Structures are given as structure tokens and as C-alpha cells.
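Numbered according to this note's numbering, the sequence shown spans residues 63 to 158. Glycine included, C-beta positions come from ideal geometry on N, C-alpha and C. Only a predicted model underlies this, so the values are computations on that prediction, with no experimental measurement involved. Inspection log for the structure reproduced underneath, given as C-alpha cells.
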Amino acid sequence: MFCKKCKKKPVLVNVKIPADLSCDGKEKKKNAQVDACISSLVSALQKGGIDMRGSCCGHGEGLGEIHLQDGRMLLIVSSAEEGWKIRDKYLNNMEK
């Protein structure tokens, strides 16, 4: 599937597959298709020892996400300006 935003095909990135997501119930490494526009970020996280459960760039229709093995989620925004708006909206909602 092409990304509507970057117009590129997914690329293969060597990632760790957690045992609970693996077909045979064993943790393993494999080349998995990752959205091209976030593949360098996913690859860098893997090389840095950050385990993930999945990722999606948002395909130009929403926020991108990288789901970490420890339960946290990284949100990927298209610009710093968009990130600041989301952060401010979140902080304003916390104050209410």
C-alpha cells in the first residue's frame, strides 16, 4: 500500500517481533514492511534497543504512531507547529 502523504511504498526494516505477536510464540528478528516516511525513525529506535509492537505514519489522514513494547506510544506529527497545537490542547484540557 502506498502512503498517501509521501507517495512511497513501504520499505523493509529489520525489527524484533515480540513473542506474543509471533506466529510460533517465540521472539525473533525479521524484515518487516514499515511506512517509508517513518522507516528511518523505526530503524533508529530498533538499533537503540527500543522495542516496538507496531507503527503507522498516519498516511496523511491522521497522526502517526509508534507503539512501544512497554505500553507507551510515540505520536508523530507532520510539523513542530502541529505538535505545539496538540500539546497546548492537551495541557488546556488537563487544567479544566
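Discussion item. From the DSSP secondary-structure annotation, give me the bridge partner or partners of Cys68.
Written reply: DSSP lists no partner for Cys68.
Practice prompt. Alpha carbon to alpha carbon, how far is Lys69 from Ser140? Give it in angstroms, no decimals.
Written response: Rounded to the nearest angstrom, the two C-alpha atoms are 15 Å apart.
Worksheet item: Are Ala106 and Pro72 closer than 8 Å when you measure CB to CB?
Response: No. Outside cutoff.
Worksheet item: Comparing alpha-carbon positions, which option in Lys67, Met156, Asp86 and Gly145 lies nearest Ile100?
Response: When only C-alpha atoms are compared, the closest one is Lys67.
Worksheet item: What do you reckon, are the CB atoms on Cys119 and Gly126 nearer than 8 Å?
Response: Closer than 8 Å, so yes.
Worksheet item: Three-state secondary structure (DSSP) at Leu107?
Response: Of the three classes helix, strand and coil, the one that applies to Leu107 here is helix, per DSSP.
Worksheet item: In the structure shown, what three-state DSSP assignment does Gly116 receive?
Response: Residue state, collapsed to three classes: strand.
Worksheet item: What is the DSSP secondary structure of Gly126, counted as helix, strand or coil?
Response: In this structure, Gly126 counts as strand in the three-state DSSP scheme.
Worksheet entry | Span of the beta strand (DSSP E), counted from its first residue to its last, around Leu74 | Residues Val73 to Ile79.
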